[in-house]
Amino acid sequence: MYEKILVAIDTSAIGDRVFDIALKLAKIGQPNLMLVHILSEEAEESPINYWPMIGTDIGTNPEMMKEYHQLWEKFEQECLQMLKSKADKAKELGFNTEFTQLRGNPGRELCKIAQKWNADLIIMGRRGHSVFSELLLGSVSNYVIHRAHCSVHIVQD
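Sequential numbering from 0 applies to the sequence shown in numbering that gives the first Met the number 0.
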């Protein structure tokens, strides 16, 4: 079966489902697991989405920049803790598990880490965005399906 499964998770409910499905698949053959979270300013849970951008110039206001960096550091630590917690759970269940948190474009970063780690399978979620939204913004799952070097299992929202 699979020897190395890369599991792309985030802080959403779909991220929890992806993790649960990965654990079920890992029971077959006991593969190594790599849990990955990509920090991205485009993510729904990113601090940038809570920022009042209208009429402000965050780049020239030192107080706003300081506050944004504090929010980002908090976000980064919360995501890392979520990742560590899931890795600990997988280890408790007897799975050889690593984890990493990266920053950048989620699709590109997932494909790069999957290639570098030599994953056999990527398990990831797909949010139910509209066709129009995907045309404008693109889709992480669509990007990975078409560019990953290995098989991709998509968990629907």
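Heads up, the beta-carbon is just placed ideally off N, CA and C, and yes, glycines get one too.
These figures come from a predicted structure and were not determined experimentally.
Residue of the options minimising C-alpha distance to residue i
{"i": "Ile153", "options": "Tyr1, Gly103 and Arg125", "result": "Arg125"}
{"i": "Met33", "options": "Ile121, Asp156 and Val151", "result": "Ile121"}
{"i": "Glu40", "options": "Thr96, His68 and Asp15", "result": "His68"}
{"i": "Asp19", "options": "Asn104, Glu77, Met123 and Cys149", "result": "Met123"}
{"i": "Thr99", "options": "Asp87, Pro30 and Leu22", "result": "Asp87"}
{"i": "Ala113", "options": "Ser150, Arg16 and Asp15", "result": "Ser150"}
{"i": "Ile4", "options": "Gly14, Ile13, Arg16 and Leu24", "result": "Leu24"}
{"i": "Asn104", "options": "Gly14, Tyr142, Arg16 and Val6", "result": "Tyr142"}
{"i": "Glu77", "options": "Leu38, Ser140 and Val6", "result": "Leu38"}
{"i": "Asp9", "options": "Arg102, Lys111 and Asn117", "result": "Arg102"}
Burial state of residue i (16 or more Cβ within 10 Å)
{"i": "Met64", "result": "exposed"}
{"i": "Ile53", "result": "Summary for Ile53: the model assigns pLDDT 44, below 50, so the residue's position carries little reliability; its value from the coordinates is reported in the next sentence. With fewer than 16 Cβ atoms within 10 Å of its Cβ, Ile53 is classed as exposed."}
{"i": "Lys115", "result": "exposed"}
{"i": "Leu82", "result": "buried"}
{"i": "Ile27", "result": "exposed"}
{"i": "His145", "result": "exposed"}
{"i": "Leu135", "result": "With a pLDDT of only 45 at Leu135, under 50, the local geometry of the prediction cannot be trusted, and no value is derived from it."}
Nearest-angstrom Cα separation, counted from residue j out to residue i
{"i": "Lys73", "j": "Ala147", "result": "31 Å"}
{"i": "Glu2", "j": "Leu109", "result": "18 Å"}
{"i": "Ser11", "j": "Lys85", "result": "13 Å"}
{"i": "Glu97", "j": "Arg107", "result": "20 Å"}
{"i": "Asp119", "j": "Pro30", "result": "10 Å"}
{"i": "Gln155", "j": "Glu62", "result": "40 Å"}
{"i": "Gly93", "j": "Ser138", "result": "33 Å"}
{"i": "Val35", "j": "Leu22", "result": "14 Å"}
{"i": "Trp71", "j": "Ile13", "result": "22 Å"}
{"i": "Lys111", "j": "Asn117", "result": "10 Å"}
{"i": "Met0", "j": "Ala7", "result": "19 Å"}
DSSP state of residue i mapped onto helix, strand, coil
{"i": "Leu38", "result": "strand"}
{"i": "Asn141", "result": "helix"}
{"i": "Val17", "result": "helix"}
{"i": "Met81", "result": "helix"}
{"i": "Ile53", "result": "In this prediction, Ile53 scores a pLDDT of 44, lower than 50, which makes its location untrustworthy; no coordinate-derived value is stated."}
{"i": "Met123", "result": "strand"}
{"i": "Met160", "result": "Missing from the structure shown is residue 160; the chain here goes from 0 to 156 and no further."}
{"i": "Glu97", "result": "strand"}
{"i": "Gly118", "result": "One point to set straight first is that residue 118 is Ala, not Gly, in the sequence displayed. DSSP places Ala118 in coil when its eight states are reduced to three."}
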